[in-house]
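Mapping to UniProt numbering: the sequence shown position 208 is 208, numbers consecutive. For every residue, glycine included, the Cβ atom is placed at its ideal position computed from N, Cα and C. Quantities reported herein were computed from a predicted structural model and do not represent experimental measurements.
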Amino acid sequence: MSGIQDPDFPYNEETQLKIQAFFKSKVRKPNKRSKAKQYYTVSEKGDLNILDESKTVISTIPLQYYRDYSKEELDNLEKERREAIIKVEEEIESNKKLFRETNDMETKFNINSEIQVLELKRSSLISPYKSIKDVKSIDIKDIILEEEKEKRKMGDLVYQVVTRNFPLWKLYGKYTVSKEVLDVVQQKGVRLELGEVFLTNGRVARLFNKEDDEYNGFLSIYLVKEFIYNDINFSSPYQAFEYTRLKLLKQDELAEKLLTTRSVRSIRHWVKETRTMVPETKQLWEEILKEFYTQNSDLMKKLLETKDAILSFVSKAKYLGGIGIDIEDEDRFDTSKWKYKDNIVGDVLMNLRKEMSQLPEEGQTKQVSDYEDSVVSEEEVQAKKKAAIINTMKKKVSFNSV
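Okay, here's the thing in structure tokens:
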């Protein structure tokens, strides 16, 4: 059981010790003097039962299943590793530049320490289980010409290959609590596309939230891409939803304020005190997302390419149609732990995908150009920023001249 004590191993310390005891009992000779004896069986669910002498189950260890990474998953991991190495190398070069430019010794010391940390990080990214250690070689001794047979001691660099305490199972696969996932991979030969994950029930899914997600950002309600809904030009589905929701709640002034920005961050800030869920939530998303995707053919193409994958908006915000779980929470893979199982936004997207897939390609998108009102344009946003900078500079000049 190499690596069983690793902190990332999918069992707590107590369970790890129990598993170790099981394997030790399989290889050691029976001890007649031992008073307490334990027996083991495997349950119907595939878990490890621990029994006493009377063959009564005294505890059960829920076993997880190990599965090999698919080629797509390995390719994805390798891509992420390369990108991480490049990022660290850029940080190293940036710090080296700062080191050369500064004359302050304390700053140089701090920068040098940071570079050493980054180099160790780069080394672990290049090879997580092996590294090269610089071993201090024998100092070069001064040659004393008067001495007979004087020899120079070599001062060449000496390196040693060091093996890190890194469990190899992390490189080639992962543990899952779901036998369904293992069966899907091994028996049905299902392979994941970039951006896809397995849920614990064995289904392939795309879990989305942020618009800057490299693989699933096209599903995000926060994606900034203009479209027209109810004769108004919006910058994102999120803006359209919040505007319409606030109108239904008779918050007209706040709703109109949303049209003065294209920033998702600003909209979130303005509506944070008014997150009341409206009964029409699903209907609103059906209307808004249909307009959004049918008016943006590139996004419609990507939506249809998700095939039959489960789509889920992983957000704590119930009023937005999320499943009540944070995008970083491990429970997002287990549908039984979703707080809001109706999965409103994801369900709407899956229904839209099904509807559009049954239409000919020319019927999947449409062109809309006329609208009565509009969100502030990108040009207007840039003009406001420029004006704000000019005003700030004028104030500084005015202050300095006083």
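Under 6 Å Cβ to Cβ from A255, same chain only, skipping five residues before and after it: list those, please. Apart from sequence neighbours up to five positions away, the residues of its chain that approach A255 with a beta-carbon distance below 6 Å are Y243, L246, K247, ordered along the chain.
Would you mind stating whether Q364 and T294 have Cβ atoms separated by less than 9 Å? Yes, they are a contact pair.
Determine the DSSP secondary structure at I19, reduced to helix, strand or coil. The three-state secondary structure of I19, taken from DSSP, is helix.
C-alpha gap between residue 435 and E44, whole angstroms: Since the first and last residues shown for the chain are 1 and 402, residue 435 lies out of range.
Sorted by chain position, which residues of the same chain lie with C-beta nearer than 6 Å to F218's C-beta, five sequence neighbours on each side aside? Same-chain partners within the cutoff: L299, K302.
Unbroken beta strand (DSSP E) runs of length 3 or more, entirely within the region 50 to 118: which are they? For the region 50 to 118, the full-length beta strand (DSSP E) segments reaching 3 residues or more read 57 to 61, 65 to 68 along the chain.
Identify the continuous beta strand (DSSP E) that holds F227 and give its terminal residues. First-last of the beta strand (DSSP E) with F227: 227 to 229.
Buried or exposed by the 16-neighbour rule on C-beta atoms within 10 Å, applied to E101: By the neighbour-count rule (16 or more Cβ atoms within 10 Å), E101 is not buried but exposed.
I'd like to confirm something about L249: is its beta-carbon nearer than 8 Å to some heavy atom of the ligand ZN, or not? Annotation note on the ligand ZN: not contained in the displayed structure, which lists no ligands.
Does Q367 pass the burial test, meaning 16 or more other C-beta atoms within 10 Å, or should it be called exposed? It is exposed - the Cβ of Q367 has fewer than 16 other Cβ atoms within 10 Å.
With DSSP collapsed to three states, give me the class of I344. Three-state result, I344: helix.
Between which two residues does the beta strand (DSSP E) carrying K41 extend? Checking the sequence, you will find Thr at residue 41 rather than Lys. First-last of the beta strand (DSSP E) with T41: 39 to 42.
Short of 6 Å in beta carbon distance, which residues of its chain neighbour residue 491, apart from the five on each side in sequence? Order them along the chain. The chain is shown from 1 up to 402; residue 491 falls before or after that span and cannot be answered.
Just checking, does the region 303 to 310 make contact with the region 344 to 358 on the three C-beta pairs under 8 Å criterion? They touch, by the three-pair rule.
Whole-angstrom C-beta distance between E211 and V197, which should lie under 8 Å: The C-beta separation of V197 from E211 comes to about 19 Å, leaving the pair out of contact by the 8 Å criterion.
Quick check for students: name the residue ranges of the beta strand (DSSP E) that lie wholly in the region 299 to 327, counting only runs of 3 or more. Runs of the beta strand (DSSP E) inside the region 299 to 327: 310 to 313.
For R265, which of L249, K290, W285, S235 has the nearest alpha-carbon? Checking every option, the nearest Cα to that of R265 belongs to S235.
Cut-off 7 Å between Cβ atoms - residues of its own chain near Y11, not counting five sequence neighbours on either side: Taken in chain order, the residues that qualify are I19.
Report buried or exposed for T56, applying the criterion of at least 16 other Cβ atoms within 10 angstroms of its Cβ. The residue in question, T56, is exposed, as its Cβ has fewer than 16 Cβ neighbours within 10 Å.
Hey, L207 and S312 are a contact pair by Cβ (cut 8 Å); roughly how many whole angstroms apart? Confirmed, about 5 Å.
Per DSSP, which residues does I132 bridge with? Please list them. In the DSSP assignment, the residues bridged to I132 are V161.
Does the structure place the region 333 to 352 close enough to the region 266 to 285 that three or more beta carbon pairs sit under 8 Å? The region 266 to 285, when compared against the region 333 to 352, does touch it at the 8 Å Cβ threshold.
Tell me where the alpha helix (DSSP H) around F292 begins and ends. Per DSSP, F292 belongs to the alpha helix (DSSP H) from 281 to 294.
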